[in-house]
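Undergrad:
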Ligand code: FAD
Ligand code: 2HG
Ligand code: ZN
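Set out below in structure tokens:
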């Protein structure tokens, strides 16, 4: 095929994969719920190669699925069938940290590598998440990833100072200068952020860094109810200036993690809700947290790296423990904070009515009222559980996509969430920037009408 030989000429023989076995790892997503066959997997190593690949695909009328670490959870990073997967993992350039606390990173730089790089220069990066060893900066920008420190530093969009991206016609937009103020025209970087590969391919970014917060303490608490946990989080936001993270989970998830990972159960007995708080500062914030906890029972307190790590494993290994139990339906949602307890109270009965016997595991970033609803039991293609959860979310005035994106998993629900005028504006932007609809078709907007 002409396109494949053109792509081979651009990236070299070793970086165009057409062999079934070599393509396999790029064709199925992290959840194993979404997969499709790629025409080929192309691995460009520079922005010029990305632009040439995009032009070749546009000329051939073949769609492109951009892929970074393939840790996305909404099916947007893998082909639906017949597309070229453009892997960004070779775009790994990482410039020295600038004195003003900024860094320029290639799209394929892995989050943990970025963290280590900036820490060695005395800075921190504001976003952190459980997939840190695989997720890439380009993928995180494209999904506007959130994670565990949004409370303190915001999500990816708040870290983004500039972007370099290849658009659907192969042109390159570059807004990478270190300007502190720049209102010249539309905010293209902000728009590409969260566009899930549907408007262009992010090839590099200029990122804002944060002061390092090296001294940390964490506490895991067992609480009688979700209401008690939410009240404690509200108090923590007010009384703990060093608060960095607040994570909520429940007995169903904790039991699965303990069973799957062998990590010791931290508290005796079982509780209505579990809350993990972490404080971080330049000088020791442990006393602040201890004073906040008072003489409360049912708390495990940790300061050293290993003990804190054990507490975090109980939260961060939920995703992996659930995946080991079967194909999961994932609904990453948020609701107005005042309705979080109501959502948690209503979700079980709503799901049971739609899919009797389904297993529900809830956890999430409680300060953003962002819950990860995981459902085990229904077959991968059965939408009844997804629909029941999203129906309740819409009813409560929430969002069907809090931090993972819409992908293909929730495209059918976009208009219910955003409304017709909003979706029409998004479609107009998509058509203007990608008239051939070759950039990740089907993702976010569903199939073009
Ligand atoms: P991919 O999965 O490869 O792609 C994701 C989307 O972005 C796809 O639509 C893809 O087409 C597009 N894309 C990728 N790279 C580019 C690019 N350079 N240009 C244009 N489009 C691109 N997410 C959170 O927000 N918070 C969390 O706390 C969190 N924790 C996680 C924990 C685990 C264990 C796992 C498995 C996932 C978690 N995620 C979390 C989801 C996931 O890690 C994020 O969505 C992440 O941003 C995806 O990065 P990636 O490089 O793997 O992107
Ligand atoms: C997390 O917060 C991630 O752990 C993944 O966003 C959530 O697996 C999930 O549903
Ligand atoms: Zn999350």
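Numbering (this note's numbering), first residue to last: 78 to 526. Heads up, the beta-carbon is just placed ideally off N, CA and C, and yes, glycines get one too.
Hey, would you say the C-beta of residue 517 is under 8 angstroms away from at least one heavy atom of the ligand FAD?
TA: Because some heavy atom of the ligand FAD lies under 8 angstroms away, the Cβ of residue 517 counts as near it: yes.
Undergrad: Could you give the C-beta distance for residue 496 and residue 413, rounded to a whole number, given that I count them as a contact under 8 angstroms?
TA: Not really, about 17 angstroms apart at Cβ, beyond 8 angstroms.
Undergrad: Can you determine whether any heavy atom of the ligand FAD sits closer than 8 angstroms to the C-beta of residue 225, and answer yes or no?
TA: Within the cutoff, so yes.
Undergrad: Under a Cβ-count criterion, where at least 16 other Cβ atoms within 10 Å of its own Cβ denotes burial, should residue 430 be classed as buried or exposed?
TA: It is exposed - the Cβ of residue 430 has fewer than 16 other Cβ atoms within 10 Å.
Undergrad: Residues in its own chain within less than 6 angstroms of residue 436 by CB, not counting five upstream and five downstream?
TA: Result list for residue 436: 453 and 454, in chain order.
Undergrad: CA-CA distance, residue 149 and residue 433?
TA: Looking at the two C-alpha atoms, the distance is approximately 28 angstroms.
Undergrad: Could you give the first and the last residue of the continuous beta strand (DSSP E) run that contains residue 449?
TA: Segment 447–453, the beta strand (DSSP E) holding residue 449.
Undergrad: Should residue 257 and residue 266 be called a contact, given that it needs their Cβ atoms to be closer than 9 angstroms?
TA: Not a contact, by the Cβ cut-off of 9 angstroms.
Undergrad: What are the boundary residues of the beta strand (DSSP E) that residue 307 is part of?
TA: Residue 307 -> not in any beta strand (DSSP E); alpha helix (DSSP H) instead, spanning 303–316.
Undergrad: Taking only three categories from DSSP, how would you classify residue 370?
TA: Helix at residue 370.
Undergrad: Helix, strand or coil for residue 520, going by three-state DSSP, please let me know.
TA: Coil, per DSSP.
Undergrad: Using 8 angstroms for Cβ pairs, my map puts residue 286 next to residue 200. What's the rounded Cβ distance?
TA: With a Cβ gap of about 4 angstroms, residue 286 and residue 200 count as contacting.
Undergrad: Grouping DSSP H, G and I as helix and E and B as strand, with all else coil, what is residue 507?
TA: Three-state result, residue 507: helix.
Undergrad: By the 10 Å Cβ neighbour count, where 16 or more other Cβ atoms means buried, how is residue 217 classified, buried or exposed?
TA: That one is buried.
Undergrad: Using a Cβ-Cβ cutoff of less than 8 angstroms, which residues in the same chain neighbour residue 82 once the five nearest sequence positions on both sides are dropped?
TA: Excluding sequence neighbours, residue 82 sits near nothing in its chain.
Undergrad: Given this structure, state the Cα-to-Cα distance separating residue 140 from residue 175, to the nearest angstrom.
TA: Near 37 angstroms, if we compare the C-alpha coordinates of residue 175 and residue 140.
Undergrad: So the candidates are 291, 295, 316 and 324; which of them puts its Cα closest to the Cα of residue 306?
TA: Checked all of 291, 295, 316 and 324; the closest Cα to residue 306 is 324.
Undergrad: In whole angstroms, what separates the C-alpha of residue 107 from that of residue 457?
TA: Roughly 14 angstroms between the two C-alpha positions.
Undergrad: With distances taken Cα to Cα, identify the nearest neighbour of residue 188 among 206, 172, 180 and 178.
TA: Taking only the C-alpha atoms, the option nearest residue 188 is 206.
Undergrad: Using a threshold of 9 angstroms, state whether the C-beta atoms of residue 239 and residue 169 are closer than that.
TA: No, the pair does not count as a contact, with Cβ atoms beyond the cut-off.
Undergrad: Which stretch, first to last residue, makes up the alpha helix (DSSP H) that contains residue 441?
TA: Taken as a continuous stretch (DSSP letters only), residue 441 belongs to no alpha helix (DSSP H), being part of the beta strand (DSSP E) at 436–442.
Undergrad: Using 8 angstroms as the cut-off, can you tell me whether the region 306–320 makes contact with the region 389–401, which would need three or more C-beta pairs spanning the two stretches below that distance?
TA: Not touching, per the Cβ criterion.
Undergrad: Report back the beta-carbon spacing between residue 127 and residue 144 to the nearest angstrom; my notes put them in contact at under 8 angstroms.
TA: Actually they do not touch by this definition, with Cβ atoms about 13 angstroms apart.
Undergrad: Given this structure, state the Cα-to-Cα distance separating residue 132 from residue 367, to the nearest angstrom.
TA: Roughly 59 angstroms between the two C-alpha positions.
Undergrad: Enumerate in chain order the residues of its own chain whose CB-to-CB distance from residue 443 is below 6 angstroms, with the five nearest sequence positions on each side excluded.
TA: Within the same chain, residue 443 has close Cβ partners 310, 323 and 325.
Undergrad: Since residue 399 is in the alpha helix (DSSP H), which residue starts that stretch and which ends it?
TA: It spans 395–400 - the alpha helix (DSSP H) in which residue 399 sits, taken as one unbroken run.
Undergrad: Who are residue 278's beta bridge partners in DSSP?
TA: Residue 278 pairs with 243.
Undergrad: Could you spell out the range, first to last residue, of the beta strand (DSSP E) harbouring residue 471?
TA: Run containing residue 471: none in the beta strand (DSSP E); it sits in the alpha helix (DSSP H), 461–472.
Undergrad: Of all the alpha helix (DSSP H) runs that stay within the bounds of the region 329–386, which reach a length of 4 or more residues?
TA: Within the region 329–386, the complete alpha helix (DSSP H) runs of at least 4 residues are 363–370.
Undergrad: With DSSP as the reference, please indicate the residues paired to residue 409 in a beta bridge.
TA: In DSSP, residue 409 forms a bridge with 449.
Undergrad: What ranges does the beta strand (DSSP E) occupy inside the region 107–191, keeping only unbroken runs of at least 3 residues that lie completely in it?
TA: Within the region 107–191, the complete beta strand (DSSP E) runs of at least 3 residues are 117–119, 141–144, 161–164 and 179–183.
Undergrad: Looking at C-alpha atoms only, which residue of 233, 178 and 479 is the closest neighbour of residue 255?
TA: Of the listed residues, the one whose Cα sits closest to residue 255 is 178.
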